[in-house]
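Residue numbers (this note's numbering), protein chains in the order written: chain A, 142 to 479; chain B, 15 to 512; chain C, 992 to 1319.
For each residue, glycine too, the CB sits at the ideal point set by N, CA and C.
For reference, the structure discussed in these notes is given below.
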Amino acid sequence: MSGPRIEPKLVESPEFRLAIITVLVFVLMAALSPERFLSPQNLTSMAFQFPEFAILALAVTITMMTGGIDLSVVGVANLSAVVAATILTAFAGAGVVGAAAVMWLGIAVVAAMGVGAVAGFLNGILVSRFGLPPILATLGSGLVFTGLAVAMTGGSAVMGFPAVVAVIGNATLFYVPVPLILFALLAFGLHVLLTRTGFGLRVTMYGANPLAALFAAIDVDRVLLKVYVIAGMFSSVAGLVIMSRANSAKADYGSSYLLLAVLIAVLGGVNPYGGYGRVVGVVLAVLSMQFLSSGLNMLQVSNFARELIWGGLLLLVMVINVTNWAGLRARRAPAKSG
Amino acid sequence: MGSPDTDALIEMRGITKRYAGVTALDEVDFVVAPGEAVCLAGENGSGKSTLIKVLSGVEQPTEGTIRIGGERMTGLTPRRAAAAGVLVIFQDFSLFPNLTVAENIAFVSELAEHRQFFNRRAARETARRVLERIGVDIPLDARVEHLPVAHKQLVAICRALACEARLIIMDEPTTALTEREVRRLLGIIRLLKDEGVAVVFVSHKLAEVLEVSEKVVVLRNGRKVAEGPAEDFDAASLTRHMTGRDVARASPGAFGGTAETLLKVEALNKPGSFSNVSFEMRRGEVLGITGLLGSGRTSLAKALFGLVAPDSGRITLDGQNVPLGDPVAAARARIGYVPEDRLTEGLFLTQSILRNVAVGRLDSHERRGFLDMKALIGEAGDWLTRLKVKTPSLSAPVTSLSGGNQQRVALARWLARAPKMLILNGPSVGVDVGSKAEIHDIIRDLGAQGLGVIVISDDLPELLATCHRILVMRGGEMVEEIEGGSITETELAHKMAS
Amino acid sequence: MTSLITRNETLVAVVIVLFCIIAAVSDPNFLTVTTLSDLLRASIVLGILAVGAMLVLISGGIDVSFTAVAVSAMYMTTKFSLAFAPEMPWFLIFTLSVLLGAGLGAINALFIAGFGLPTLIVTLGTLSVFRGFLLTFVGSDRISALPPDMREFSRMVIARGTTESGDFYNLPWSLAALVAVVLLTAFILHKTMLGRSIFAIGGSVESARRIGINVRRTQVFVYVYVGALAGLAGILHGSMNRMADPFSLVGLELSVIAAVVLGGARLIGGYGTITGTLLGVALIVLVQNSLIVIGIPSTWQSVTIGALILLGTGLPAYQAKRAAARAG
């Protein structure tokens, strides 16, 4: 494609660099332990593992595009899951099968998504109408959401679902794990939303310069509101996947996922100051993270070491990107001395 | 380079500064005597900022010598320049909003003394002494964030004085001040000069400070093009030297058309900003709104576009009521607004030129939620071509453009929406001379095409050259209405100030 | 002109008083020396961490890694002491932990001051690096056989006894550590140029650079000092609980930050007072320990803290936004 384009060329972008890294990690892990890493079992189990935190990363991504952040994603996910689980255990229970089970699952899913939307709406209101810094707004609301989940359950796990619930997290469709399909749909949807709709372009432009967005007659409050609602609903999908895979819901599941989600977004090239980010990058970041952690698992590296490596990776990527961001930041706050 | 001028406070000789092939300063001599006030004039890009950066140690000259108080300075840094008594007051004053007046004033001098411990009483004492010296009364314990702009500037001056300044360089000192505040500032400058403190004003609007100045130095394209006693200059001759030609253009004259009323503003009120503003504008008319800073002109402009919510009043465009305080509704009513500060308000600097234009037209190219990219990009490209934006690539970031071209991008965004009325706030601020004339041509064309154009500006030649009618604001009220071509620049300046 | 900070402090103080009144009405045992000494004990670690977090907020950053620093310094110190010098006197143990904390803080400083990275993301990263390192390479067992002198310290009290009405109270020496930290930090913030520079860079980094404040050095100090405070808080925590638990403390950072922002420190930097922070700590400790007394089940604890954060930061933010709109 030639002529003027609205997107920068892919080859020049950080995503291209990331694609190479992803392939390198894959090749490295495959070389270290070919028979295990490349085994069908491992590949499938990877495909079951990553979607839940990858979806959370998508939620963080869209808020980061506006120069904000959503620290409440895990809280929203767990609250949604607890609400869904409560409905499933209170009205359906483990013994229910057939149409009744499917119906209750449907109701639970809708309720969970509703919780996500309301939670996101609350975040959006706090950020846009009340002008709270996103870090504090979502930190506070995250505590509230987690706290509500604790209050509802007394801190213990909710379990005893109809068997059909396992479909969300454990089933396959034409050999493809359902959670992977969910992630793929959401990722594709977000990609289209960000690149092919007016809303997506507004999100990017707002992230690039909120004041100019206001002066360009963009309805900034509504854009922010939508962004946080989307982040909330994505989080609740993640919550449902976690619930289904664990066959239970609990207020403190996935507590390490917040770091992971932020890490993936940053690794994926999303600018934490806003204005730049591509879903392709986030997907590549997810894949490289999963290859890495799966490979480490195979090399008998503990969970704690994985946390160490993730954190280290986050710092490393930030240092590599620092020159780009330093430039962006300087331009966002131009000095008036010249 | 001749023998050093032993009486001079500052003596810069043969200063040349090159950046990667661009010569920003070319063999410039610049001398300031103790107690002297010098106007350093020049357009944007003339090299005046670079000269100041070299003098204050922010940049090193490629060639040339600097003497301060007769002492040859090599490898000057901001701290060394400050120690030698050369202090710069930036346009944004560089104060700390969260600290008190006393602390802001005393901070630099205490740093300079390499103190480790902070003594609140001593800081207050320092501040009190300096404030007394210039005869100003500002509460020492007030936080700077709560002060009005003029007081912030005085605090910045006091901070320089607390460092025993021998030369204070003031960057655009009057742009943010009201007439009365300018008077007070000039009084203080006189006082300082009597005490032997020299002052350099860096500005492109110098008429206001000419009366306290001894000398004027004009830079253009990195060269010194004029130097002489201040009495020899007036606003017109300064402009001529700065731009290298007479830029005054024929006024479009009074509005001749008989077109119907486009805009009707009735009794618009916003306590503290403007009161009871009413006026009308016809289709095809170019209307100027002017006034000094604090006259309410910018608040009014923003109110017309919904960025400021008036408490009462009515805006009608083409017979339709425009909701107050809602920029999205104003844009939907086909009002456009090009803000004054392109870099922070007007443009998305990290984004491409195309996107900067396309962002205004997202609604129109959305089909069932999806953007018609081809049409969107095509249209943006067309407008950029029509406005003669010169660039090798429309996908390049908008920062790659010159000031004049950037302003065209901001204009294109609104013109693409086919507005009925366009508000241009400071349309040629920070634009080079050549582009300025072209932007004025564009403004006149817009009027000729039947748009209503409001030009908000304090650049009098600009108003005279583009507007059919000029409204003058003072203290938040419309005080005068002037037909184009019926007034000279000097008369207009008087009407603004009196 | 009343500043937002005074209002925030008064607001928190009023909430604390109301809380105590309701608590005293519903439970007559609440207003006793026993409760007070229990709450004071519970405030020590939180208070020291909060003073550190406040310093970071004043400088214009945010730190979420300090709990990981605290637990790492504590656990490594304990391990070291047990392995090489079980007879170490308590002050050497404390010094070692403080130094380790400062060292970890220096790593934060490297990324923040050295590379100029966003503070939230750096400290999120170091949080997991420190914790991951600790649990992978140092150990993941809870140690209850502490070095004798560390255990000894927790028994040292300033005052202990029973009042005439039979209420038991106990003020440990670790309370003196909190007092010392508060005094030292107050001194640094208000009486040294370094402290004023921390306020200055929080107010405007650009202005600070222009007037010749060494921004990097100031930031390095902030993060190293906060690390040192975390090291102290960590070892106190271990000593007071008579156990070195590598899984403890992490997760507490949100409560600490809650306390600090409730006390009036602002995320944009430049604002924060020790009084406000201590009031915030008091409120959080009350909520964590005595929520049940005023009739709210303790499972609602984090909802309450979260709501307090939103209210405490939302009100001033909303007022500021309204004021800006009014000014036009």
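Residues of its chain near residue i, where Cβ-Cβ distance is below 8 angstroms and the 5 sequence neighbours each way are ignored
i, result
"A/Leu323", "Pro192, Ile196, Ile309, Val378, Val382"
"B/Val169", "Phe107, Leu109, Val115, Asn118, Ile119, Ile152, Val158, Leu161"
"B/Val231", "Phe44, Val52, Cys53, Leu54, Ala55, Lys238, Ala240, Glu241"
Nearest-angstrom Cα separation, counted from residue j out to residue i
i, j, result
"A/Ser143", "B/Val403", "Note that A/Ser143 has pLDDT 41, beneath the 50 cutoff, so the model's placement of it is unreliable and no number is given."
"A/Asn311", "A/Gly422", "26 angstroms"
"A/Ala218", "A/Ser376", "5 angstroms"
"B/Arg234", "C/Ile1179", "50 angstroms"
"B/Thr413", "B/Leu361", "9 angstroms"
"B/Lys434", "B/Leu276", "8 angstroms"
"B/Ser70", "C/Glu1197", "16 angstroms"
"A/Leu449", "C/Ser1119", "6 angstroms"
"C/Gly1193", "B/Ala430", "42 angstroms"
"C/Leu1220", "C/Met1065", "12 angstroms"
"C/Ser1017", "A/Val291", "25 angstroms"
"C/Gly1305", "C/Ser1246", "17 angstroms"
beta-carbon residue i near the ligand ADP non-hydrogen atom, thresh 7 angstroms
i, result
"C/Ala1249", "Ligands displayed in this structure: none; no statement on the ligand ADP is therefore possible."
Listed by chain order, chain C residues near residue i by CB distance under 7 angstroms
i, result
"A/Gly83", "Any answer about residue 83 of chain A is impossible in this case: the structure gives chain A only from 142 up to 479."
"A/Thr287", "Ser1293"
"A/Ala446", "Gly1123, Thr1127"
Partner residues on chain C for residue i, Cβ-Cβ distance less than 8 angstroms
i, result
"A/Phe271", "Gly1305, Ala1308, Tyr1309, Lys1312"
"B/Arg488", "Within 8 angstroms Cβ-Cβ: nothing; B/Arg488 doesn't reach chain C, min ~17 angstroms."
"B/Phe269", "In chain order: nothing, as chain C lies at least about 30 angstroms away."
Boundaries of the alpha helix (DSSP H) in which residue i is found, first to last residue
i, result
"B/Glu195", "193 to 208"
"C/Phe1085", "1081 to 1100"
"B/Lys284", "Run containing B/Lys284: none in the alpha helix (DSSP H); it sits in the beta strand (DSSP E), 275 to 284."
"C/Leu1174", "1165 to 1182"
"A/Ser116", "Chain A is shown only over 142 to 479; residue 116 of chain A falls outside these bounds and no answer can be derived."
"C/Lys1070", "1057 to 1075"
"A/Ile162", "155 to 173"
"B/Met256", "249 to 257"
"B/Lys62", "62 to 69"
Residue burial classification, residue i (beta-carbon count within 10 angstroms, cutoff 16)
i, result
"B/His128", "exposed"
"B/Ser292", "exposed"
"C/Met1045", "buried"
"B/Ile80", "buried"
"C/Arg1208", "exposed"
"A/Gly265", "buried"
"C/Arg1257", "buried"
"A/Gln182", "exposed"
"C/Arg1122", "buried"
"B/Ile103", "buried"
Residue i: contacting residues in chain A (beta-carbon distance under 7 angstroms)
i, result
"C/Val1252", "Leu277"
"C/Pro1019", "Per Cβ cutoff of 7 angstroms: no residues; C/Pro1019 is ~27 angstroms from chain A at best."
Same chain, Cβ closer than 6 angstroms to residue i, five either side skipped, listed in chain order
i, result
"C/Thr1153", "Phe1159"
"B/Ala281", "Asn290, Ser292, Gly327"
"B/Arg134", "none"
"B/Gly461", "Gly298, Val300, Val467"
Contacting residues, own chain, Cβ-Cβ under 7 angstroms from residue i (five flanking each side not counted)
i, result
"C/Val1217", "Gly1043, Leu1046, Val1047, Asp1054, Phe1057, Gly1096"
"A/Thr296", "The question names Thr, yet the displayed sequence has Gly at residue 296 of chain A. Within the same chain, A/Gly296 has close Cβ partners Ala392."
"B/Gln420", "Arg356, Leu361, Val412"
"A/Ala188", "Pro318, Leu321"
Chain-ordered chain B contacts of residue i [CB-CB under 7 angstroms]
i, result
"C/Gly1051", "Correct list: empty, because the minimum Cβ distance to chain B is about 10 angstroms."
"A/Met439", "The contacting residues do not exist; A/Met439 stays about 41 angstroms from chain B at best."
Within chain B, the residues that residue i reaches when beta carbons sit closer than 8 angstroms
i, result
"A/Phe356", "Leu321, Pro341, Tyr351, Pro353, Glu359, Gly360"
Bounding residues of the beta strand (DSSP E) (the contiguous stretch that carries residue i)
i, result
"A/Arg343", "Premise fails: A/Arg343 lies in the alpha helix (DSSP H), 339 to 349, not in any beta strand (DSSP E)."
Under 9 angstroms by beta carbon: chain B residues contacting residue i
i, result
"C/Phe1190", "Phe110, Asn112, Leu113, Glu117"
Within chain A, partners of residue i - CB distance below 9 angstroms
i, result
"C/Gly1043", "The contacting residues do not exist; C/Gly1043 stays about 17 angstroms from chain A at best."
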